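If you read the sequences in order, they're chains A and B. Residue numbering for the first sequence is 44 to 273, as defined by the working numbering. Residue numbering for the second sequence is 44 to 273, as defined by the working numbering. Even glycine gets a Cβ: it sits at the ideal position worked out from N, Cα and C. Keep in mind the model is a prediction, meaning the values are calculated, not measured.
Number of protein chains: 2
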Amino acid sequence: MSIGAEHPEIVTVLRSSEAFSSLDAVELGELASVCKEITRSAGELVFREGGRPHSLFIVSHGRIKVLKHSSRGKEHIIGFFGPGEMVGEVAVFEERPYPASAEAVENSRLIRILREDFVAYLVRRPSVALHIIRVLGSRLRTAQGRLMDSTTERAQQRLARILLMLVRRVGPTLPFTREELGQMTGLTTETVSRQIGEFSAMGILNLGRRELVIVDEDRLVLLSEGPFDS
Amino acid sequence: MSIGAEHPEIVTVLRSSEAFSSLDAVELGELASVCKEITRSAGELVFREGGRPHSLFIVSHGRIKVLKHSSRGKEHIIGFFGPGEMVGEVAVFEERPYPASAEAVENSRLIRILREDFVAYLVRRPSVALHIIRVLGSRLRTAQGRLMDSTTERAQQRLARILLMLVRRVGPTLPFTREELGQMTGLTTETVSRQIGEFSAMGILNLGRRELVIVDEDRLVLLSEGPFDS
DNA sequence: CGCCTATTTGAAAACCGTCAAAGTATGTGG
DNA sequence: CCACATACTTTGACGGTTTTCAAATAGGCG
């Protein structure tokens, strides 16, 4: 394989990624030399739930959604991942199948790193391993937070919370269907529609086809903290 | 500080722990030299949600429960951890407060490792970092699985799934109150009581005070996969 | 224009939480 | 040993919330 200096675009992407931003030029080049770029058209899978985990991925362009299938058909969206974010990392370190599928939402480009290459790299670069631990810790923290929300909170609050999270990640215009919002919150499409209808009537957001625009984030914060708190 | 060889009990515990079982004698001794044993009586806290994370812990004797408080009062149990298992690891690598509290269920002993000591150790022992990554990956996997359950599945199925998980971890006799089962699943005590009442009527388990005994694990598997599947 | 998908709306039913009360084991002090 | 307090558990009734089922509406793209 060629050396890092010959992959300038890959180095650029890695440098602005959540997991590798703190690496120096040498470390980046070294990692880039075991990376490969792949493309996926909208709707294509990056990996499939239950499949053997050979690689992890860094999104370089586009948007990837990670989802699980529940016992009967329903899809649950674990998250959307954009440029600089890592997907498939959970399965790579255990030797167990991918616990979820990853699908390109738009035409996307990703950087692929093979399991063995990555493990070998981490052994040589302990500080990078610490960074990965930090990223995983942060994912775990949010997963556990959402778990509690979903078991103790009502539809309006759950939806408000997800919308807030999305606003902070992607800005005021949220390009999601009602169905996708349902799959993120565990609500049905109909409930989401009714609920954001109310939000719209309250002047919190504007409805659109396949999108909604948040105009009053502060009020959303209040709703996400529960209907009545002193 | 003294060297590892002077901490034989600690070495023994570390050797049988989920995170450090693969270490050799030298590595174990080295780690043991920065460990300290602490004890907690039943009901005492090991760390508190929101507190500054200075340490992570390995349970050596007893049982620890990790829980979060929701916006108004309610507790949600993230998990129970027994001998060999690690708690407090999430907060240690980010510089953010503990996201949950840990409380001794029984009189317990734990091994404490200070944040700085552990980070320094990981930098010297990259293979241990990989092991930690594996543990975190596994935690993340189960958290995401439970998240999906709680958002897409009904009480009976959720309860069946938690009971199955518990059976596999602690054996057929489950020493939990109805309230604790509720806090694990996000159901009320009453709903849990009614539901396990049905399970009992079906001959799946036997009820007891502060415990229940699973007698038909297979049927529980069926229920956990959904009420009707071809 | 016509089809396909997304969205909205309505009505009924299921499910679970809440509130209230009674029942039952366990332990304690007299 | 009994009486009582305490904590855990069970049961019932009710109501609210969300799902489900069904149908209508609307937008985009060929």
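Is there at least one Cβ from chain B nearer than 7 Å to A:Ser273's Cβ? Low local confidence applies: a pLDDT of 41 at A:Ser273 is under 50, so the model's placement there is unreliable, with the coordinate-based value given in what follows. Output row for A:Ser273: interface = no.
For A:Glu190, decide whether its Cβ has a neighbour in chain B, counting only Cβ atoms nearer than 7 Å. Checking the displayed sequence, the identity of residue 190 of chain A turns out to be Leu instead of Glu. True, the Cβ-Cβ gap to chain B drops below 7 Å.
Cβ of B:Val25 within 7 Å of any chain A Cβ: In the structure as shown, chain B starts at 44 and stops at 273, and residue 25 of chain B therefore has no counterpart that could be examined.
Check whether chain A comes within 7 Å of B:Glu137, counting only Cβ atoms and requiring the distance to be less than that. yes
Can you list, in chain order, the residues of the segment 235 to 249 of chain B whose Cβ is nearer than 7 Å to any Cβ on chain A? none
Let's see if you can read the secondary structure: which residues bound the alpha helix (DSSP H) around A:His174? 169 to 195
Using three-state DSSP, classify A:Ile247 as helix, strand or coil. coil
Chain-ordered residues of the segment 68 to 95 of chain A with a beta carbon less than 8 Å from chain B: none
Per-residue burial, A:Ile175 [other beta carbons within 10 Å of its own, 16 or more giving buried]: buried
Do we get a CB-CB distance below 7 Å when we pair B:Ile107 with the residues of chain A? no
Within 7 Å (strictly less), CB to CB, does A:Gly269 reach chain B? yes
With DSSP as the reference, label A:Asp272 as helix, strand or coil. The predicted model places A:Asp272 with a pLDDT of 47, which falls under 50 and marks its position as unreliable; any figure quoted below should be read in that light. DSSP places A:Asp272 in coil when its eight states are reduced to three.
Do B:Pro215 and B:Ile257 have their C-beta atoms within less than 7 Å of each other? yes
CB contact below 7 Å: A:Ala186 versus chain B: yes
May I ask you to list, following chain order, the residues of the segment 121 to 133 of chain B that have a beta carbon less than 9 Å from some beta carbon of chain A? Ile121, Glu132, Val133
Taking C-alpha atoms, which residue in A:Leu202, A:Met208, A:Arg184 lies nearest to A:Phe242? A:Leu202
With 16 other CB atoms within 10 Å as the buried threshold, where does A:Thr228 fall? buried
Using the three-state DSSP reduction, which class does B:Val102 fall into: helix, strand or coil? strand
In whole angstroms, give me the CA-to-CA distance for A:Ile46 and A:Thr220. Because the pLDDT of A:Ile46 is 48, which lies under 50, any placement of that residue in the model is unreliable, and the question is left without a value.
Under 7 Å, Cβ to Cβ, is there at least one residue of chain A near B:His119? yes
According to DSSP, simplified to helix, strand and coil, what is A:Arg155? strand
CA-to-CA distance, A:Ile156 to A:Gly86, given in whole angstroms: 22 Å
DSSP three-state assignment for B:Glu146, whether helix, strand or coil: strand
Quick one: give me the first and last residue of the alpha helix (DSSP H) that A:Val210 is part of. 198 to 213
The alpha helix (DSSP H) enclosing B:Phe136, as first and last residue numbers: 132 to 136
Using the DSSP secondary-structure output, state which residues sit across from B:Val256 in a beta bridge. B:Thr216, B:Asn249
Residues bridged to A:Met129 (per DSSP): A:Ile101
B:Val69: buried (16+ other C-beta within 10 angstroms of its C-beta) or exposed? exposed
Which runs of the beta strand (DSSP E), 3 residues or longer, sit entirely within the segment 47 to 112 of chain A? 78 to 83, 88 to 90, 98 to 104, 107 to 112
Compare the Cα-Cα distances from A:Asn249 to each of A:Ile154, A:Glu268, A:Leu206, A:Gly269 and report the closest residue. A:Leu206
Would you kindly report the start and end of the unbroken alpha helix (DSSP H) that includes A:Gly229? Unbroken run through A:Gly229: none, as it is neither H nor E.
Closer than 7 Å, Cβ to any Cβ of chain B: which residues of the segment 163 to 176 of chain A, in chain order? Leu165, Val166, Pro169, Ser170, Ala172, Leu173, Ile175, Ile176
Is there a Cβ of chain B sitting closer than 7 Å to that of A:Gly116, yes or no? no
Nearest-angstrom beta carbon gap, A:Ile53 and A:Glu80 [assumed within contact, 8 Å]: 7 Å
Once you ignore the five residues that flank A:Leu224 on each side, which residues in its own chain have a CB closer than 6 Å to its CB? Val235
Taking the C-alpha atoms as reference points, what is the distance between A:Leu255 and B:Val56? 54 Å
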